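K.L.:
Residue numbers (our numbering): 1 to 122.
All residues carry an ideal CB built from backbone N, CA and C; glycine is no exception.
Keep in mind that this is a model prediction, so the values were computed, not measured.
Questions regarding the structure given below will be posed in turn.
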């Protein structure tokens, strides 16, 4: 479905375009984070996210283990192992587990992804 531009929230490019318009008008209202960047430097990106949400970490919080604890709670393995993600279903009826693969950068099926990319580029 994704390769045809269809997602659970409508047409993919329409969805992206709406956010692109918002970020042009109000850049402080949308934060784009890339999974690869977050995996590479999780502490810095957690601080950026907290500040964006208006909840920056205090110096005391940064010096304590709070940041490490938040990162642990938000880790791929921890989220994947939550009961809701192992046993519950998304609103479309598909299992929540479909959102979790291996949690590594650039893990994908190259054949199907290349086919999908060719279709999207057309």
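Using DSSP with H/G/I as helix, E/B as strand and the rest coil, what is residue 21?
P.N.:
helix
K.L.:
Return helix, strand or coil for residue 95, following the three-state DSSP convention.
P.N.:
strand
K.L.:
Just confirm the distance between the C-beta atoms of residue 182 and residue 72, as a whole number of angstroms; I'd bet it's less than 8 Å.
P.N.:
In this structure the chain extends from 1 to 122, so residue 182 is not present and cannot be described.
K.L.:
Is the number of C-beta pairs between the stretch 54 to 68 and the stretch 26 to 34 that are closer than 8 Å three or more?
P.N.:
no
K.L.:
Would residue 85 pass as a contact of residue 100 if the rule is Cβ separation under 8 Å?
P.N.:
yes
K.L.:
Out of 26, 22, 44 and 89, point me to the one whose CA is closest to residue 70's CA.
P.N.:
44
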